[in-house]
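Colleague: The structure under discussion is supplied below as structure tokens; questions concerning it will follow.
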Amino acid sequence: MASLASTLPDNVPAGRVVDFDVFAPPGGESDYFAAWATLRGGDGLVWTTSNGGHWIATKGELTRQIWNDAETFSSEALAVTPGLGEAMRFIPLQQDAPEHKPFRAAIMKGFGNNHVMAMEPVIRKVTRELIADLRAHGGCEFMQEFAEIVPIHVFLSLIGVPTEDRARLRPLGQQLTRPDGSMTVEQLRDAADDYLRPYIEERLATPGPDLFSRILAIPIDGRPWTFEEAQRMCRNLLFGGLDTVVSMFGNIALHLARHPSDQALLRERPDLIPQAADELMRRYPMVSVTRNVVQDIQLDGVTLRTGDLVYINSSIHNLDPACFDDPLTVDFERNLAPVRHTTMGVGPHRCVGAGLARLEAILFLEEWLAAIPPFRVSEGTQPVYRAGNVGAITDLRLAWD
Ligand code: HEM
């Protein structure tokens, strides 16, 4: 049998090898954050032999530095998850400079603050209606009965599609958040494309007042978007804003369920809700991304070679005591300005939907706390997590009297 050293790439020192599968970290089912915490600190850059072999950054500042350095670390391949990048070809997520810039600029304009704020009545309405339905039940499985529904509804409003269509997109959202192995990445993409095709064609031909039409009306280097580009962008908006937002809702609800005093504080002082949303998003970051090294570089005492993959996880940064004081404590009055946490990424690919996600969080907190009495995790149940590029909560039973 070959020794470990002989199977390692020659730029990987044997002392930097760890046994860590990013899709199944130790204890990840019962606590995603605790599982990642087992890796924090250490040597800074470590190598796992899982999933074909790749680097992982284990320190906060190093994670942020890599995230921010798009010249050395490319976004194009979206690797580690086999086949995902080739299948999705997301715009703008999988583009590097200079190609990325005009697409990103058009999308950012579409997501301008005034346009996002115009979504408030739609988001508030669906949030309120769902909560009103749950209230009398005395409890719910929060992920399926609330968290998974809102972002699909918001996406449909974003692209100007009747929200009665929600049921048609729901199974796709579920496959993304809780894949049961019944669909390949390609099948998932094709199903999303089949659903979206007529709407994309229509928005390109006859732009409406929706956010999606507005983005497509902005020329790319002076020429119109092609259908294929519009499709890749729409896919990115769909897949980028579903399981992330689902997970955000789950983490916020779980925190409050476990911390009655924080619930009480926000009920008493709803003016703290926007800050609370920001702090909860810092405290429970769930996204990891992969970068491809595009030029050899010495970093943290090792040589990264062109073609190497580096995996970076936002909780490694946000929960590092070297980056935030007492990082595990939720403090609604923590000063988070200017935003340094990496929940939404950092650098040229920072989330275009950050403002929208924040609005969804704020409206959830306002509406939930106004309608639902003090709530807790149902007796005898435990939340279930699933690790992955987006750390998810897949089951969360809540109860109230
Ligand atoms: C809490 C919810 C969300 C979280 C935690 C989140 C997180 C992130 C992160 C970490 C990135 C950077 C990826 C990278 O550097 O490779 C990103 C990019 C992106 N997100 Fe989000 N996101 C959320 C919600 C949304 C929503 C609601 C949308 C749209 C409807 C969206 C659309 C996108 C897009 C299009 C990009 C790519 C930006 C670019 O490459 O220039 N996200 N998101």
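For the sequence shown, numbering that gives the first Met the number 0 assigns the number 0 to the initial residue and increments by one for each residue that follows. Glycine included, C-beta positions come from ideal geometry on N, C-alpha and C.
1) Tell me which residue opens and which closes the alpha helix (DSSP H) that Ser156 is part of.
2) If the criterion is Cβ atoms closer than 8 angstroms, does the pair Ser287 and Ile392 meet it?
3) Less than 7 angstroms between the CB of Thr80 and some heavy atom of ligand 1, yes or no?
4) Please go through the stretch 55-122 and give each complete alpha helix (DSSP H) segment of 4 or more residues, from N-terminal end onward.
5) Should His258 be labelled buried (16 or more other beta-carbon atoms within 10 Å of its own) or exposed?
6) Check each candidate in Gly43, Asp9 and Val345 and name the one with the smallest Cα separation from Asp299.
7) Exposed or buried, Arg63, counting other C-beta atoms within 10 Å across all chains shown (16 or more means buried)?
8) Using three-state DSSP, classify Thr6 as helix, strand or coil.
9) Is there at least one non-hydrogen atom of ligand 1 closer than 7 angstroms to the beta-carbon of Phe401?
10) Compare the Cα-Cα distances from Asp18 to each of Ile65, Ile55 and Ala33 and report the closest residue.
11) Which same chain residues end up closer than 8 angstroms to Asp261 when comparing Cβ atoms and leaving out the 5 residues on each side of it in sequence?
12) Going by beta-carbon coordinates alone, are Glu228 and Ile106 separated by less than 8 angstroms?
13) Could you have a look at Thr126 and say whether DSSP puts it in helix, strand or coil?
14) CB of Asn235 to nearest heavy atom of ligand 1: below 7 angstroms?
15) So which of Ile130, His53 and Ser73 has the shortest CA-CA distance to Gly370?
16) Using beta-carbon positions only, say whether Asn334 and Met285 come within less than 8 angstroms of one another.
17) Please tell me whether, using a cut-off of 7 angstroms, the distance from the CB of Pro417 to the nearest non-hydrogen atom of ligand 1 is below it.
18) The beta strand (DSSP E) with Met290 in it runs from where to where?
19) Would a C-beta distance cut-off of 8 angstroms place Asp164 and Leu155 closer than the cut-off?
20) Between Ser73 and Val293, which are expected to be in contact by the criterion C-beta below 8 angstroms, what is the C-beta distance as a whole number of angstroms?
21) Check whether the Cβ atoms of His99 and Pro347 lie closer than 8 angstroms to each other.
22) Buried or exposed: which applies to Met87, given that a residue is buried once 16 or more other Cβ atoms fall within 10 Å of its Cβ?
23) Please check if any C-beta of chain B sits within less than 8 angstroms of the C-beta of Leu264.
24) Return yes when the C-beta of His348 is under 7 angstroms from any heavy atom of ligand 1, and no when it is not.
25) At which residues does the beta strand (DSSP E) containing Trp46 begin and terminate?
Modeller: According to the structure data:
1) Start at 1 with the first residue of the sequence shown, and residue 156 comes out as number 157. Start and end: Ile148 to Leu157.
2) In the sequence shown, counting from the first residue as 1, residue 287 sits at position 288. In the sequence shown, counting from the first residue as 1, residue 392 sits at position 393. No, the Cβ-Cβ distance between Ser287 and Ile392 is not below 8 angstroms.
3) For the purposes of this step, residue 80 is taken as the residue at position 81 of the sequence shown. No, the beta carbon of Thr80 sits no closer than 7 angstroms to any heavy atom of ligand 1.
4) 59-67, 83-87, 99-109 and 112-116
5) The residue you call residue 258 lines up with position 259 of the sequence shown. It counts as exposed.
6) Numbered from 1 along the sequence shown, position 300 holds the residue referred to as residue 299. When only C-alpha atoms are compared, the closest one is Gly43.
7) Start at 1 with the first residue of the sequence shown, and residue 63 comes out as number 64. Looking at its Cβ environment, which holds 16 or more other Cβ atoms inside 10 Å, Arg63 is buried.
8) Here the question's residue 6 lines up with position 7 in the sequence shown. Note: Thr6 maps to helix in three-state DSSP.
9) Missing from the structure shown is residue 401; the chain here goes from 0 to 400 and no further.
10) Numbered from its first residue, the sequence shown carries residue 18 at position 19. The shortest Cα separation from Asp18 among Ile65, Ile55 and Ala33 belongs to Ile55.
11) Taking the sequence shown and counting its residues from 1, the one referred to as residue 261 is at position 262. So the list reads His254, Leu255, Ala275, Val329 and Phe331, once near-sequence residues are dropped.
12) Residue numbering aside, residue 228 sits at position 229 when the sequence shown is read from its first letter. Residue numbering aside, residue 106 sits at position 107 when the sequence shown is read from its first letter. No, they are not a contact pair.
13) What you label residue 126 is simply residue 127 of the sequence shown in a count that begins at 1. Correct three-state label for Thr126: helix.
14) As a first step, residue 235 must be located in the sequence shown, where it is residue number 236. Because some heavy atom of ligand 1 lies under 7 angstroms away, the Cβ of Asn235 counts as near it: yes.
15) Counting from 1 along the sequence shown, the entry for residue 370 is found at position 371. In the sequence under discussion, the amino acid at residue 370 is Ala, which differs from the Gly named in the question. It is Ile130 whose Cα lies nearest to the Cα of Ala370.
16) Here residue 334 corresponds to residue number 335 of the sequence shown, with the count starting at 1. Here residue 285 corresponds to residue number 286 of the sequence shown, with the count starting at 1. Going by beta carbons, Asn334 and Met285 fall outside the 8 angstroms limit.
17) There is simply no residue 417 to check, as the chain begins at 0 and stops at 400 in what is shown.
18) To locate residue 290, count along the sequence shown from 1; it is residue 291. Note on identity: in this sequence residue 290 is Arg, with Met being the wrong assignment. Element bounds for Arg290: Ser287 to Val292.
19) Reading the sequence shown from its first residue, position 165 is the one you call residue 164. Reading the sequence shown from its first residue, position 156 is the one you call residue 155. Taking 8 angstroms as the Cβ cut-off, Asp164 and Leu155 qualify as a contacting pair.
20) Translated into positions along the sequence shown, residue 73 becomes position 74. Translated into positions along the sequence shown, residue 293 becomes position 294. Between Val293 and Ser73 the Cβ distance is about 5 angstroms, and since that is below 8 angstroms, they are a contact.
21) Taking the first residue of the sequence shown as 1, we reach residue 99 at position 100. Taking the first residue of the sequence shown as 1, we reach residue 347 at position 348. Taking 8 angstroms as the Cβ cut-off, His99 and Pro347 qualify as a contacting pair.
22) Here residue 87 corresponds to residue number 88 of the sequence shown, with the count starting at 1. Using a 10 angstroms sphere on the CB of Met87, the tally of other CB atoms reaches 16 or more, which defines it as buried.
23) In the structure shown, chain B does not exist; there is a single protein chain.
24) Along the sequence shown, one-based indexing puts residue 348 at 349. True, at least one ligand heavy atom lies under 7 angstroms from that Cβ.
25) If you number the sequence shown from 1, residue 46 lands on position 47. Where Trp46 is concerned, the enclosing beta strand (DSSP E) stretches over Leu44 to Thr47.
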